[in-house]
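Protein chains in written order, with this note's numbering: chain A, 1 to 347; chain B, 348 to 694; chain C, 695 to 1041; chain D, 1042 to 1388. A virtual CB, placed ideally from N, CA and C, is assigned to each residue, including glycine. The structure under discussion appears below in the form of structure tokens.
4 protein chains.
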Amino acid sequence: MAETKLKIGIVGGSGYTGGELLRVLLQHPNAEIVAVTSRQYKGKNVAKVHPNLRGATNIKFIEPQDLPKVDVLFTGLPHGTVMDQVEHFTSQAERVLDLSSDFRLKSPEDYVTWYKHEHTKQEFLKDFVYGMPELHREEIKDAKWVAVPGCTATSAILPLKPLVDNFKISTVIVDAKVGSSAGGASYNLSTHHPERSGVVRSFKPTGHRHTAEMIQELGLPTEAINFSPHAVELIRGILATCHVFIEGDYDEKDVWQAYLGAYKDEPFIRMIKERGGIYRFPEPKLVAGTNLCDIGFEKDERTGRLVVMAAIDNLMKGAAGQAVQCFNVMHGLEETTGLNSLGFHPY
Amino acid sequence: MAETKLKIGIVGGSGYTGGELLRVLLQHPNAEIVAVTSRQYKGKNVAKVHPNLRGATNIKFIEPQDLPKVDVLFTGLPHGTVMDQVEHFTSQAERVLDLSSDFRLKSPEDYVTWYKHEHTKQEFLKDFVYGMPELHREEIKDAKWVAVPGCTATSAILPLKPLVDNFKISTVIVDAKVGSSAGGASYNLSTHHPERSGVVRSFKPTGHRHTAEMIQELGLPTEAINFSPHAVELIRGILATCHVFIEGDYDEKDVWQAYLGAYKDEPFIRMIKERGGIYRFPEPKLVAGTNLCDIGFEKDERTGRLVVMAAIDNLMKGAAGQAVQCFNVMHGLEETTGLNSLGFHPY
Amino acid sequence: MAETKLKIGIVGGSGYTGGELLRVLLQHPNAEIVAVTSRQYKGKNVAKVHPNLRGATNIKFIEPQDLPKVDVLFTGLPHGTVMDQVEHFTSQAERVLDLSSDFRLKSPEDYVTWYKHEHTKQEFLKDFVYGMPELHREEIKDAKWVAVPGCTATSAILPLKPLVDNFKISTVIVDAKVGSSAGGASYNLSTHHPERSGVVRSFKPTGHRHTAEMIQELGLPTEAINFSPHAVELIRGILATCHVFIEGDYDEKDVWQAYLGAYKDEPFIRMIKERGGIYRFPEPKLVAGTNLCDIGFEKDERTGRLVVMAAIDNLMKGAAGQAVQCFNVMHGLEETTGLNSLGFHPY
Amino acid sequence: MAETKLKIGIVGGSGYTGGELLRVLLQHPNAEIVAVTSRQYKGKNVAKVHPNLRGATNIKFIEPQDLPKVDVLFTGLPHGTVMDQVEHFTSQAERVLDLSSDFRLKSPEDYVTWYKHEHTKQEFLKDFVYGMPELHREEIKDAKWVAVPGCTATSAILPLKPLVDNFKISTVIVDAKVGSSAGGASYNLSTHHPERSGVVRSFKPTGHRHTAEMIQELGLPTEAINFSPHAVELIRGILATCHVFIEGDYDEKDVWQAYLGAYKDEPFIRMIKERGGIYRFPEPKLVAGTNLCDIGFEKDERTGRLVVMAAIDNLMKGAAGQAVQCFNVMHGLEETTGLNSLGFHPY
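Put into structure tokens, the structure is as follows:
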């Protein structure tokens, strides 16, 4: 299938996720980007907004209403706005990958609980597959529509799922440290450089919406999952430190077994646990620009707690990269196509 | 007592803690620094090592063996080295404040457990008071010798103690985010700028030595306390996010009561919990350069977890500032003397 | 005069300069802040906007029209808006220190050239003194109205003036590296953290307005002065690298003489030129939070060029600190009053 | 030639330049890395030192004496050490690309002047080609040995050469802002995070060794070239601000013509000069990870000065990337092979 070029549209192409989709897909051998929408920047070259694309493309933003028929549509609009146009989007494309949160949760009640509004297109929910290949690869292969997971949800679900599947877990605390690009390209006082640079800021100690995805995908009792994200000085990247309380005895070998059983053939998951050196556990810097999820762990022999660390690039495995991974799965392409460039060091 | 000047010696004055002691004490109305030791820099002006002191002093480093008799001695040597010389130090000064970890733990066995070596001067342990005025003010008033707490221990004990005293706590996870100055002035690969800048690094997921102080001071069962520090991009500061599991019902008002009861008259503790705005919880940037400990909290109504956030400057409330606070208490001075300058914004 | 408290008003107190004025004046023994205006935040405690002031004051913002009579008024409004209200401001206060650019230039034509608008209150220009005590101390002593210099102008004029006075200078290039707080508290895309963090950005290679102040104060031919500021990753601080071309022979001793002659008794100027070590030249980090201007230099023996480096904190010596220095001079106070706290290391 | 795989050796593979060579060449279709040396890390997987390579290779460091015969050898040792072994290196490989400074200067006297030592292998100097394809492509095609330019030299020579060729230039001041990776992987006090983070440090105001390369390649009188590098908060990247004084009249169109004439077909040079927006001039962030050199300019109409800004990634176009570009040229490969991945935004 190496020679097929699928026609791609990107709705909402001026944000950071849209920019990453452009970067990745422009270098993808099976993708031909034919339309990128942005109300604000219509008529402008995409490189005007995404300066890293200068010289690499002449694509110009078009208005959403001018979106042509495409093979595959990536929608990168703010949450709550994709559902309003989902009939249109699904009619314009064979396949749709939605990077908003509008179709991630299976239960419409969860939208009321976590997003504080009714879901207006509940009939679509059952046909959107949660786009995390490590958990739903077979469904994604057959899916027409994929809901790409949230970034912090990805950073928590990937390290926790094999544990949930292999141990009895009483409580999990996910304490995440998040880069500023996770907040998107819109600016406000909290993103103003003198206010944001150098912070360690607990911006949502409880009630973060991505918690709903963790609850849904992990299948633990809701009260077992606790999530607190923090803004730290970083542009790209998330480190999720998961403090896991396991019932009964276990040792580190059992944990290794759980991860190997789940992930030994996964192309984007690396287990990072070395005896020494400064890189012995996962770090966001080491996966920046890649679709990798690095996972490491250490058992606290004194208390029995298991500390699991997972690092991703929020714009890649946490958004555009995972979307393209799903795109590859959906089209029978090698799963790493367009996603195999190495990370940087130092970065 | 405003006119008395106490003669001060600082042993180990070339590190960051020594530098902060110099900065604070040079501006302290009741302190006269008469000796500062450093083997490596003997004969050099202290400003050669601490360039912020240029023009402010002509004190030169002397060798440790030339230490004269003083009223008060601050010892800022690496752990394990103060105990060897404790007879000498206590004979040279009326009062000693030790910023190392050598006399913080009451039980000699704890040194074996946490520091992996015998304590060679166990007879001194009972007379060193743990130098946290909020918990031990009366003892400090009468103390000749004070063991100044560790920085991350301070960031955890201060927010947790009122909770322990007012609630039944089953488990606590302290997930701390720490600036690079906490590692001291010695350099190695992990502190090399290209390797350290922008990291979110779990450098000691379990077994950090400061945990021992938390266990001792909080009085919870050892297995109830879990601690994981992370290096983040920051020079000064710690944010300790404490995930607290409380048995039985409680609401945020109860938590408020616990903190007010404990801290309403404390000069260096501020409760930070606002309804809106970007500064509604504690942040290290907002206490940098001060001796403050900012504490905030939010209850996770879904799971019952209490999230408590505490921010300190690791070199101030986490080291030199707390030492001077103890010094003030020991000498009947106003507790804020020399410690009341305001923080910066933006910083 | 230690006991006199002058009644102070601050117009435009919600910006970073206003915040620094508050921080410094709240700790100033001869100042009593009686009014701080902000349209946007009226009725709110100043600490809501300047969180470093929490617990230090209960002053609330008032609307500009409610400004009472005061002894001294500091005006921190955007350029172009002070001139409109200058009669009002000068009628409400014995003395006015304006931190905007509205009265810095003596020639009304310069406003047209550099600010692209007419000066509407030209009759006031002659009575505003340029508020740089190192150059205009005697005039400031007698002044009712002071125009506080621009931040990058300060960083260039202070290191260059003694050279202009002692050498024949053909050309100067001032290449400045500037922190983000110099742009103020208003946010836009260029200050959005993911866009601003880590930049080295030439945001105004030619034509920066502060050049006009350099030309005026240095008295060199206009074409001899070249200025290019750069945004770098830093919140507070400016390093001005001045590449100076001197006609005729000279050596470093001559340069030393020029600086000593001009500045040996200046309380806020430090000459920084050491033989070795990592702090041998000025750095913004080492003056952050202070009113200092550090100056160093090195002659390029190969080409004859003199490289002069000057470091200031843009919010202090570049704005609020210099304003308070002028305030001290105007009122016969010790010039360092309220401005003598030491810098930090590390910072 | 797409299927040929050249056997590659890397001497000195544990530094940052060696790591970048590995990253780029592991992804290069015509390269097969067969040997990487490091005394310190012999026997260890290269990913132990370069954690970005985890999972991508199993190559282990070998000792330098075990270096096999290869087609192409890249030498990344400290300056002064390659010349000692140059016979050995040139005997082991068909072609050698040296990333040290040992063979960049044509005149042996220049080594005495700038490096303060005799050149011990002067007979090799004439056969090493200065490896900047934009200036020496034809020579590189035929070269056996290439001396890869210095990073700051590259950032200055590329923007200045077309100006030198088209205008009469009286004086140039290159004021460079440099990331910490340019200092290499060795640590010391100046690279210790608390001391290096957030600095704006003039570490070598005059006399930087890369000046010699600028003088040699530009062909201007030595006293016309002035260079001052500054360390700023950044890991990868250089912005060279070149203040250029041109004799006689000129306008911006003439400058455009000069650049277009020289560089319009250059694959790695982009002219960046937009009317508006925040990315209107070159910035290091926008070329990080790429082999690009972005160049922009603005004429100061008031003084006649031309301000030219050039941005590169010091490890790529400033070292490993340029080396691979030369490698491509030497072997008749498409010049962008292995070097065409897009930059990141945000970064």
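Do you know offhand how far residue i's Cα is from residue j's?
i	j	result
D:I1394	D:K1218	No statement about residue 1394 of chain D is possible, as the shown extent of chain D runs from 1042 to 1388 and does not include it.
C:I867	D:H1091	41 Å
D:H1234	B:A578	12 Å
B:L446	B:L373	18 Å
B:D687	D:V1241	Position check: residue 687 of chain B holds Asn in this sequence, whereas Asp was assumed. Using only the alpha carbons, I get a separation of about 30 Å.
A:I140	A:A319	16 Å
B:G402	C:G1037	11 Å
A:V307	C:K738	43 Å
C:Y809	B:L420	59 Å
C:E889	C:L883	7 Å
C:Y1041	D:E1164	50 Å
D:E1104	D:Y1082	9 Å
B:G366	B:G360	6 Å
A:M1	A:D71	Low local confidence applies: a pLDDT of 47 at A:M1 is under 50, so the model's placement there is unreliable, and no value is given.
Once you ignore the five residues that flank residue i on each side, which residues in its own chain have a CB closer than 6 Å to its CB?
i	result
D:E1159	none
A:T348	Residue coverage of chain A in this structure runs from 1 to 347, which leaves residue 348 of chain A outside it and unanswerable.
D:E1315	R1321
C:D869	S922, T935
C:S732	G707, S708, F755
Spatial neighbours of residue i within its chain, please: C-beta separation below 7 Å, excluding the five flanking residues on both sides.
i	result
A:K317	T154, F268, N291, L292, C293
D:Y1291	F1208
B:G530	T538
B:N405	N392
C:K699	N724, A725, E726
So, are the CB atoms of residue i and residue j less than 7 Å apart?
i	j	result
D:M1124	D:T1154	no
C:A1004	C:P856	no
B:K632	A:G179	no
D:A1329	D:G1278	yes
C:I863	C:I940	yes
A:K69	A:V34	no
C:Y881	A:Y187	yes
B:S528	B:I582	yes
D:L1166	D:K1147	yes
A:T152	B:E570	no
Roughly how far, in whole angstroms, is the beta-carbon of residue i from the beta-carbon of residue j, given that I think they are within contact range, below 8 Å?
i	j	result
A:F61	A:V36	6 Å
D:P1246	C:F861	Not confirmed; about 18 Å, so no contact.
B:P496	B:R451	7 Å
C:G703	C:A841	About 17 Å separates the two Cβ atoms, so there is no contact after all.
B:V476	B:L414	Not a contact, Cβ separation roughly 23 Å.
D:H1249	D:F1268	6 Å
D:D1143	D:G1121	7 Å
D:L1356	D:Y1057	6 Å
D:G1362	D:V1065	7 Å
Please go through the same chain and pick out, in chain order, the residues whose beta-carbon is closer than 8 Å to the beta-carbon of residue i, but skip the five residues on each side of it.
i	result
D:I1198	M1173, L1176, P1190, E1254, M1255, E1258, L1259
D:A1299	P1203, L1204, D1206, N1207, F1208
B:H375	V671, T684, G685
Practice prompt. Could you tell me which uninterrupted alpha helix (DSSP H) segments, each at least 4 residues in length, are contained entirely in the segment 1105-1137 of chain D, listed from first to last along the chain?
Written response: The alpha helix (DSSP H) runs lying completely inside the segment 1105-1137 of chain D and spanning 4 residues or more are 1127-1133, given in chain order.
Worksheet entry | Uninterrupted alpha helix (DSSP H) stretches inside the segment 594-655 of chain B (no shorter than 4 residues) | 599-610
Worksheet entry | beta strand (DSSP E) runs wholly inside the segment 816-876 of chain C, at least 3 long, in chain order | 822-824, 839-841, 862-872
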